[in-house]
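In the numbering used here, the protein residues as written are -17 to 582. We put the CB at the ideal spot given by N, CA and C, even for glycine. To start, the structure under review is shown below, and the notes come after it.
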């Protein structure tokens, strides 16, 4: 072992430790790797930064923009409505059709984007049909992951694979090279939940009532207050000079401050340090008894003229919304107070749901974790903008006048189709997909600023930072050294080719489950290329197998998709283990059989 090889292993071990321990954000860890490799003399600076301009990163950016454009255009509603009509009142048929649809749409966008795209629609369907969301969300989440294997741009590891293969001197795969196994996995997943959902999904805890609109559903489900008072602060009121915290707005009176107006200036969800002044008008939300006590204690005056707050009382302009903090959000590990929630977003936090724990009122110092659900009240335009910056996912559909003025669903779908056709025609993936994304911007499906917001820069730098680690493993001989050690073990056992593939599939599954599918891909593809040649197995085929199995993450909510659906579905880790174990086995068998039959 040379010094360079030892250094590469040290860098890799530190990277895995940081991923598992979460001492640093994953994107910060990836950037650290990208910077550290040239400082240690393991790569030239140009090679260390090559990930930023790689086809994988460009393709990923384009897929994010395309997926967001389709989402914002409202095209999903046009897809979902016929499915609901075809399924009728049968829960099993509805789950089957929706699962197939999500799986196939996931072929051309990131898994988490496909799941997030359908999440509001699935919740709306479950409510309108009187069915529990827990019967839908896990099948949909699993389908999004399985559908990522339908094309070479369906998941991040597959997007990375061709770049890694070319760095190793091998040819890449065509767009639909993985479609046979992807189709089998999506169909298997849909049939699995069609026939075994009653055995593997959690029992129905409650059934939503029919014919409730979104606001009514949220109010009933979370037992939210509905009485809004409009008041004026007289000069003699003891409230003058105080803030919401000084006057114990929640701790003593258990009411929320939705907005205040000072002259013509309106401030929605005022910051906690905003002082009250004489002449200001307030909009207060809470139970009538508590509101009356607050008004009496501070000598407030009722204001019958509803302007300028009339839209705070109508579902079309403002109301409640339910948001989920996704995995990888920059707000993970921070508190409402630290991020100045009201000041930044202009909405009032009403309730925090974390696992089985419900918190109302002042949860300013509660640390936010992935999967937390937050109920807010505010202008629906502000709510929508929260979901546009990748910090939150909106899971309660927005009804009313704040939808896009000209959504252009047909144009959005045509741009996506054009990008796919370009990729099929032989144009490089990155070029074809970015052309489709640019067409969405030029045709005004979404503005450029919103396209920038659609890009998950955390994921972009995660990939760009880890790609050089794979390059370093190849250039320093670290992958060859590790392959020789593993080869000695495997040759001693005289395992048949199929058994060797199973071993690699299980190893990739475990790594993907615990250290992320991206990190597992970077580690195992260089190793697979070297060992494939030594074992007499096509290096491209073995590399494809480990990349496929790196996304086999169903038994624990460690994947972005499974973590996202955990809270809205009311699932526990045991629920994922119960439903995911069989899917994991089916996945490995299908992936091994596919590679064995088609790529060896």
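### Query
If we ignore side chains and look at the alpha-carbon of each, how far apart do residue 114 and residue 567 end up?
Their Cα atoms are separated by approximately 27 angstroms.
### Task
Please list, in chain order, all residues of the same chain as residue 269 whose beta carbon is under 6 angstroms from its beta carbon, the five residues on each side excluded.
Excluding sequence neighbours, residue 269 sits near 207.
### Query
Pairing CB atoms from the segment 436 to 454 with CB atoms from the segment 408 to 417, are three or more of them under 8 angstroms?
Because the criterion of three Cβ pairs below 8 angstroms is not met, the segment 436 to 454 and the segment 408 to 417 do not touch.
### Query
When we look at the beta-carbon of residue 233 and count the other beta-carbons within 10 Å, is it buried (16 or more) or exposed?
So residue 233 counts as exposed.
#### Entry: Nearest neighbour of residue 125, chosen from 92, 157, 149 and 139 [CA to CA]
Here the closest residue by C-alpha is 92.
### Task
Name the one or two DSSP bridge partners that residue 339 has.
Paired residues: 336.
### Message
Can you tell me whether residue 330 is buried or exposed? The criterion is at least 16 other CB atoms within 10 Å of its CB, across all chains shown.
### Response
Residue 330 is buried by the Cβ-count criterion.
#### Entry: Through-space distance from residue 176 to residue 377, alpha-carbon basis
Residue 377 and residue 176 have their C-alpha atoms spaced approximately 24 angstroms apart.
### Message
Rounding to the nearest angstrom, what Cα-Cα distance links residue 228 and residue 254 in this structure?
### Response
C-alpha of residue 228 to C-alpha of residue 254: approximately 9 angstroms in a straight line.
### Query
If you follow the alpha helix (DSSP H) that residue 244 is part of, which residue opens it and which one closes it?
Here residue 244 belongs to no alpha helix (DSSP H); instead the beta strand (DSSP E) covers 238 to 244.
### Query
Three-state secondary structure (DSSP) at residue 352?
In this structure, DSSP gives residue 352 a state outside helix and strand, which the three-state scheme calls coil.
### Residues sharing a beta bridge with residue 212, DSSP
Residue pairing for residue 212: DSSP places it in a beta bridge opposite 265.
### Query
Between the Cα of residue 184 and the Cα atoms of 573, 551 and 572, which residue gives the shortest distance?
Just measuring C-alpha positions, the residue of 573, 551 and 572 sitting nearest residue 184 is 551.
### Query
Among 425, 347, 155 and 171, which has the Cα closest to the Cα of residue 122?
When only C-alpha atoms are compared, the closest one is 171.
### Message
Do residue 569 and residue 534 count as a contact pair if the criterion is CB distance below 8 angstroms?
### Response
Yes, these two residues count as a Cβ contact at 8 angstroms.
### Query
Nearest-angstrom Cα distance between residue 246 and residue 238?
So the alpha carbons of these two residues sit roughly 22 angstroms apart.
### Query
For residue 250, which residues does DSSP report across the bridge?
Secondary-structure assignment with DSSP links residue 250 through a beta bridge to 241.
### Message
Does the structure place the segment 499 to 516 close enough to the segment 127 to 147 that three or more beta carbon pairs sit under 8 angstroms?
### Response
Yes: the two stretches touch, three or more of their Cβ pairs being nearer than 8 angstroms.
### Query
When the Cα atoms are used, what is the spatial distance from residue 31 to residue 455?
Their backbone Cα atoms lie some 15 angstroms apart in a straight line.
### Per-residue DSSP class, three states only, for residue 302
The answer is strand: DSSP assigns residue 302 an E or B state.
### Query
Using the rule of at least 16 other Cβ atoms within 10 Å of the residue's Cβ for burial, across every protein chain shown, is residue -16 buried or exposed?
When all chains shown are included, residue -16 counts as exposed.
### Which of helix, strand or coil DSSP assigns to residue 491
If DSSP states are grouped into helix, strand and coil, residue 491 belongs with the helices.
#### Entry: Three-state secondary structure (DSSP) of residue 166
It is helical.
### Task
Look at the Cβ atom of residue 345, then the Cβ atom of residue 334, and state whether they are nearer than 8 angstroms.
It is a contact, given that the beta carbons lie within the stated cut-off.
### Segment limits, alpha helix (DSSP H) that includes residue 123
Per DSSP, residue 123 belongs to the alpha helix (DSSP H) from 119 to 129.
### Task
Use the C-beta contact count for residue 349: other C-beta atoms within 10 angstroms, 16 or more gives buried, fewer gives exposed.
By the 16-neighbour rule on beta-carbons within 10 angstroms, residue 349 is exposed.
### Query
Pick from 571, 512 and 41: whose alpha carbon is nearest that of residue 481?
With distances taken between Cα atoms, residue 481 lies closest to 571.
### Task
Could you name the residues of the same chain whose beta carbon sits closer than 7 angstroms to that of residue 565, not counting the 5 residues immediately before and after it, in chain order?
When the five nearest sequence neighbours on each side are left out, the beta carbons in the same chain lying within less than 7 angstroms of the beta carbon of residue 565 are those of 124, 171, 174 and 536, in order along the chain.
### Task
Compute the Euclidean distance between the alpha carbons of residue 46 and residue 266, then round it to the nearest angstrom.
Rounded to the nearest whole angstrom, the C-alpha separation of residue 46 and residue 266 is 39 angstroms.
### Message
Within 10 Å of its beta-carbon, does residue 374 have 16 or more other beta-carbons around it, so buried, or fewer, so exposed?
### Response
Under a 10 Å Cβ-count criterion, residue 374 is classified as buried, with 16 or more other Cβ atoms of the shown protein chains found around its own Cβ.
### Query
From residue 52 to residue 324, what distance separates their C-alpha atoms?
Their backbone Cα atoms lie some 29 angstroms apart in a straight line.
#### Entry: residue 402 burial status per 10 Å Cβ neighbour count (16 or more: buried)
It is buried - the Cβ of residue 402 has at least 16 other Cβ atoms within 10 Å.
### Query
With burial defined as no fewer than 16 other Cβ atoms inside 10 Å of the residue's Cβ, what is the status of residue 219: buried or exposed?
Of the residues assessed, residue 219 falls on the buried side of the cut-off, its CB having 16 or more other CB atoms within 10 angstroms.
### Rounded separation between residue 561 and residue 181 - CA only
The alpha-carbon atoms of residue 561 and residue 181 are separated by roughly 9 angstroms.
### Query
According to the Cβ coordinates, are residue 9 and residue 443 closer than 8 angstroms?
In this structure, residue 9 lies near residue 443, with their beta-carbon atoms less than 8 angstroms apart.
### Message
Quick check on DSSP: helix, strand or coil for residue 521?
### Response
In the structure shown, residue 521 sits in a helix (DSSP, three-state: H, G or I).
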